[in-house]
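Undergrad: Quick one: the structure is below, questions incoming.
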Amino acid sequence: MSPVFPTVREVLALDPVRHGAPRLVAGEAGLDRRVRWVHVAEVPDIATLLGGGELVLTTGIGLPADDAGLRAFIGDLADVGVSGLVVELGRRYASAVPRVMAAAAERRGLPLVELRRATPFVRITEAVHALIVDAQLTELRATEEIHQRFTELSVEGAGPAEVVRQAAELAGCPVVLENLSRQVLAYDPAGESPELLLDGWEQHSRRIRPVGRTAYDADAGWLVTTVGARGHDWGRLLLRWPGGGDLTSGGATGSRPPGTPPTRLTILLERAASTLALGRLIRRDAEGLERQIHRTLLTALLDHSRPVDEVALRARALGVTLERRHLVGVVVRHRLDEPAAENGAAESGLLPDATPEAGPARLRDLAEAVGQALREAKLTALTSAVDDQAVGALLALPDATGEERALAAFAAALRRTRVDVPASRSPAGRPGSVIVAAGTGVGTLREARRSLIEARQVADAARRDRRDLPIFRLPHVGLAGLLHLLRDEPRVQTFVERELGALLAYDAQHPREQLLGTLRAYLDQGRNKSAAAVAAHLSRPAFYERLARIARILGADLDSVETCLSLHVALLALDAIRTP
């Protein structure tokens, strides 16, 4: 911590004050008040000219002669927040200050000191002001160091972890960067235990509720500022200051409320937050043009709009070599039924479709997460959005032997970006919020289109798959996935109508019965009628009667394995057709 304004106790220990043989007659409880300035006064209404934190020196020659006036004088000084009152004896008061003055100062907790020996006030003023100016200069130097340090970090393009580390080093206190979902993005414990700092963080963070964009929560002991720019806030930066309520803590001043962090720490936290926000904007702007070129090249591969040799040449100019590489198409997308992503629109407190801007913001954040995961996994790839819900990447690997290892590293890195949540940590064991699909690896750029299209089809088919697989490949999508890929095929639609058309028409005329759900329960339970009745929340007689009605409507034998298999496939195809 930097040097601080002296306390009344420290002022009394200075040589010029000790020369005056000081004696404390009242207000011992206020000796640790900070002295912001020294003021010499010989008039009773001096309080109107003070701002708080001053140590008032007087000979008493201008003070009121009556008890009521002395009480009012002490009360006015206490109300304005002066640090203390020093009275030199000899000119007005021969041997001691009036008892009524001492009693009033004691009641208000205002330090009242007698100087029993004549002392030039100028020497006291010079000595105290030297300490104060030194403290202010030290504060200015510290502030200058803060600005210089974070300017360098901004110029160097330092990442969030480095910015947080530097902030903790300058403050000497733990610093945490979190997103608006109260998830920790970066932290530095400043020598303390990381486990103790982060244990139950989300619950603890939600109890830290300061008022204002930058404020101190005295109950929690955290100084907090919002992180964001251009009207888009995306996180909070928190600094734990242990000096709450401790007037002797480093950095306290007499010009601010007791127990609040020093101005230096507020400046530090806000400067770190602006560096984080600027860094994010710079990275996005710098990546903007590069992403446009990536999108142009991926689109060219998918729709054959440019010669393959030209795509390879432009990609090589971007630092992505595609010739003589093992190429793997990858597509990442949010699951179809996720209520909200954990960043982007969710960080703004919006559901994905809550505003027209939420969808693009969510896709942009997903693209950013994919890019970050590729960098973390040290993979070379072309990457861009392939539609309004998915981000694609064409991985360029040295050879085919490292394909599985590279895909696993990418999936793990993507989850660490917190765009995804493992099933073990999601509500009710739900799978992660995004799916990663990969196509079959190919050996030439001319075949890359096939791998990309396969990855997109697998990702599309797996959107409702509830398994928590790190990577979805073609064998994982199964029959439901195959039907999803074929959902626009007229022959599949004709098959569904032939198998289920009569039952769908009946349900349309009798909406309260919904026999299709009864059939679904029967087939899902492997034709076990008792289990299906329980699943359908029906009594067994009622369930049996409904099955008989379904058999009559469809003209089908529901005890036939082949018939039920055909109906089950038709149900899966119907689900695929109805899926957006």
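If you're matching positions, the sequence shown starts at 1 in full-length UniProt numbering and goes up one per residue. Glycine residues also receive a C-beta, built at the ideal position from the N, C-alpha and C atoms.
Leaving out the 5 sequence neighbours to the left and right, which residues in its chain are closer than 8 angstroms to ALA315 when beta-carbon positions are compared?
TA: Counting only Cβ-Cβ distances below 8 angstroms, and skipping sequence neighbours, we find LEU297, THR321, LEU322, LEU382.
Undergrad: Helix, strand or coil for ASP460 per DSSP?
TA: Note: ASP460 maps to helix in three-state DSSP.
Undergrad: Write down every uninterrupted run of the alpha helix (DSSP H) in the region 152–189 whose length is 4 residues or greater and which is fully enclosed by it, in chain order.
TA: Complete alpha helix (DSSP H) runs here, min 4: 160–171.
Undergrad: Please return the same chain residues whose Cβ sits closer than 7 angstroms to the Cβ of THR275, not counting the five positions on each side in sequence.
TA: PHE150, LEU153, SER154, VAL163, listed in sequence order.
Undergrad: Does DSSP classify VAL97 as helix, strand or coil?
TA: Of the three classes helix, strand and coil, the one that applies to VAL97 here is coil, per DSSP.
Undergrad: What's the C-alpha gap between SER181 and SER205?
TA: SER181 and SER205: Cα-Cα distance of roughly 10 angstroms.
Undergrad: Taking the DSSP output, what are the residues bridged to ALA396?
TA: DSSP lists LEU327 as partners of ALA396.
Undergrad: Helix, strand or coil: which one does DSSP assign to GLY60?
TA: Coil.
Undergrad: Does THR296 get closer than 8 angstroms to chain B when you measure Cβ to Cβ?
TA: Among the chains of the structure shown, chain B does not appear; only one protein chain is present.
Undergrad: Look at the alpha carbon of SER451 and the alpha carbon of VAL442, and state the distance between them as a whole number of angstroms.
TA: Their Cα atoms are separated by approximately 7 angstroms.
Undergrad: Confirm, please, whether the CB-CB distance from LEU474 to THR444 is below 8 angstroms.
TA: Contact flag unset, no.
Undergrad: Which residue from ASP188, ARG236, TRP201 puts its Cα closest to that of PRO210?
TA: It is ARG236.
Undergrad: Mind checking which residues open and close the alpha helix (DSSP H) that includes ASP309?
TA: Where ASP309 is concerned, the enclosing alpha helix (DSSP H) stretches over 308–317.
Undergrad: Please report the distance separating the alpha-carbon of LEU414 from that of GLN166.
TA: Computed Cα separation, rounded: 26 angstroms.
Undergrad: Am I right that ALA480 and ALA459 are in contact with their C-beta atoms under 8 angstroms? What's the rounded C-beta distance?
TA: ALA480 to ALA459, Cβ: 14 angstroms. No contact.
Undergrad: For the alpha helix (DSSP H) that ILE550 lies in, which residues bound it at each end?
TA: Element bounds for ILE550: 540–554.
Undergrad: Can you grab the Cα-Cα spacing for the pair ALA21 / THR263, in whole Å?
TA: Computed Cα separation, rounded: 35 angstroms.
Undergrad: Going by Cα to Cα distance, which pick from LEU177, VAL561, LEU523 is closest to ALA277?
TA: Considering only alpha carbons, the answer is LEU177.
Undergrad: At what residues does the beta strand (DSSP E) containing ARG23 begin and finish?
TA: ARG23 -> beta strand (DSSP E) spans 22–26.
Undergrad: Please state whether DSSP places THR380 in a helix, a strand or coil.
TA: In the structure shown, THR380 sits in coil (DSSP, three-state: anything other than H, G, I, E or B).
Undergrad: Under the assumption that VAL328 contacts VAL391 (Cβ atoms under 8 angstroms), give the Cβ distance between them as a whole number of angstroms.
TA: Rounded, the Cβ-Cβ distance is 15 angstroms, inconsistent with contact.
Undergrad: From ILE46 to LEU24, what does the alpha carbon distance come to, in whole angstroms?
TA: Distance between the alpha carbons of ILE46 and LEU24: 22 angstroms.
Undergrad: Determine the DSSP secondary structure at ALA536, reduced to helix, strand or coil.
TA: Correct three-state label for ALA536: coil.
Undergrad: Going by DSSP in three states, HIS39 sits in which element: helix, strand or coil?
TA: Looking at HIS39 - three-state DSSP - the assignment turns out to be strand.
Undergrad: Taking the alpha-carbon positions, what's the VAL38 to LEU238 distance?
TA: Their Cα atoms are separated by approximately 36 angstroms.
Undergrad: Just the Cα atoms here: how many angstroms apart are LEU350 and LEU374?
TA: Legend: pLDDT at LEU350 = 30, less than 50; position of this residue unreliable, no value from coordinates given.
Undergrad: What is the DSSP secondary structure of ASP233, counted as helix, strand or coil?
TA: Strand at ASP233.
Undergrad: Which residue or residues does DSSP assign as beta-bridge partners of GLY69?
TA: GLY69 is not bridged to any residue.
Undergrad: Which one of ASP387, ALA220, ARG240, LEU265 has the shortest CA to CA distance from THR299?
TA: Of ASP387, ALA220, ARG240, LEU265, the residue nearest in Cα terms is ASP387.
Undergrad: Between which residues of its own chain and LEU57 is the CB-CB distance below 6 angstroms, once the five residues before and five after are set aside?
TA: Counting only Cβ-Cβ distances below 6 angstroms, and skipping sequence neighbours, we find VAL40, VAL86, PHE121.
Undergrad: Rounded to whole angstroms, what is the Cα-Cα separation between VAL434 and HIS334?
TA: Near 4 angstroms, if we compare the C-alpha coordinates of HIS334 and VAL434.
Undergrad: Could you check the C-alpha separation between GLY231 and PRO511 for me, to the nearest Å?
TA: Distance between the alpha carbons of GLY231 and PRO511 is about 48 angstroms.
Undergrad: Spatial neighbours of SER426 within its chain, please: C-beta separation below 6 angstroms, excluding the five flanking residues on both sides.
TA: Low confidence applies here, because SER426 scores a pLDDT of 43, under 50, leaving its location unreliable; read the following figure in that light. Closer than 6 angstroms at the Cβ level, and outside the excluded window around SER426, lies no residue.
Undergrad: So for LEU474, helix, strand or coil by DSSP?
TA: LEU474: helix per DSSP, three-state reduction.
Undergrad: Give me, in chain order, the residues of the same chain whose beta-carbon lies closer than 7 angstroms to that of ARG449; leave out the 5 immediate sequence neighbours on both sides.
TA: Taken in chain order, the residues that qualify are LEU301, LEU302.
Undergrad: Specify whether the region 552–571 and the region 516–534 touch according to this definition: at least 3 beta carbon pairs, one from each stretch, less than 8 angstroms apart.
TA: In short, these stretches touch, since the Cβ pair count reaches three.
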